[in-house]
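Student: One structure follows; several queries about it will come next.
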Amino acid sequence: MFESIIVEYLDNTLNTIEDFKDELYAILQRYNDKVNVHASARKKVKKLLDNFNSSFSSVEMRKFVYELEYHEEMRVNVTSAYTVEVIKDQRENQERINQLRRNTSENQFLYYLPVFHVQKGPKTT
Numbered sequence: 808m809f810e811s812i813i814v815e816y817l818d819n820t821l822n823t824i825e826d827f828k829d830e831l832y833a834i835l836q837r838y839n840d841k842v843n844v845h846a847s848a849r850k851k852v853k854k855l856l857d858n859f860n861s862s863f864s865s866v867e868m869r870k871f872v873y874e875l876e877y878h879e880e881m882r883v884n885v886t887s888a889y890t891v892e893v894i895k896d897q898r899e900n901q902e903r904i905n906q907l908r909r910n911t912s913e914n915q916f917l918y919y920l921p922v923f924h925v926q927k928g929p930k931t932t
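Residue numbers for the sequence shown follow the numbering used here, so the first one is 808 and each next one is one higher.
Structure, rendered in structure tokens:
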């Protein structure tokens, strides 16, 4: 449950891990400053705050950060590739539209050209 909340939060609001660290630290600090926090919870939060920077340098945390950065990079690459395809398709569609407009205007031009009917006279032999 907690992982899905964090992943959604990171996907929707944050750009870097440093932003995440800053916001997480601020959240823990606000929680620690509350008056109605149980003593054991306050001790755990204090311990987290005291070891905050070293916690982010642990092997597990570095792996977590690496995976987040990797997934973010993959998302950017996929988005970039998709954008290139969309631009390519848009150009092709615009060319088709232009071709249709040219064809339509040529057909309209031909439609408005006067048609001369040659009348046949009486047959002479």
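All residues carry an ideal CB built from backbone N, CA and C; glycine is no exception.
By how many angstroms is the C-alpha of Tyr832 removed from the C-alpha of Ser861?
Tutor: Sequence index remark: in the sequence shown, residue 861 carries index 54 (1-based). Sequence index remark: in the sequence shown, residue 832 carries index 25 (1-based). The alpha-carbon atoms of Ser861 and Tyr832 are separated by roughly 13 angstroms.
Student: Counting only beta-carbon separations shorter than 8 angstroms, does Ser861 have a partner in chain D?
Tutor: Of the protein chains in this structure there is only one, and it is not chain D.
Student: Assign Phe827 to one of three DSSP states: helix, strand, or coil.
Tutor: Working through the sequence shown from its first residue, we reach residue 827 at position 20. Note: Phe827 maps to helix in three-state DSSP.
Student: Since I believe Phe827 is in contact with Leu817 (beta carbons under 8 angstroms), could you give me their beta-carbon distance rounded to a whole number of angstroms?
Tutor: What you label residue 817 is simply residue 10 of the sequence shown in a count that begins at 1. What you label residue 827 is simply residue 20 of the sequence shown in a count that begins at 1. About 7 angstroms separates the two Cβ atoms, so the contact holds.
Student: Which residue's Cα is closest to the Cα of Phe859: Glu830, Lys841, Leu907 and Glu874?
Tutor: As a working note, residue 859 is residue 52 in the sequence shown. Cα-wise, what sits closest to Phe859 is Glu830.
Student: Would you grab the beta carbon distance between Ile824 and Val866 for me? Rounded to a whole angstrom, and I think it's under 8 angstroms.
Tutor: Here residue 824 refers to the residue found at position 17 of the sequence shown. Here residue 866 refers to the residue found at position 59 of the sequence shown. The Cβ separation is near 16 angstroms, so there is no contact.
Student: Mapping DSSP to helix, strand and coil, what is Val852?
Tutor: Along the sequence shown, read from residue 1 onward, the residue named residue 852 stands at position 45. Helix, per DSSP.
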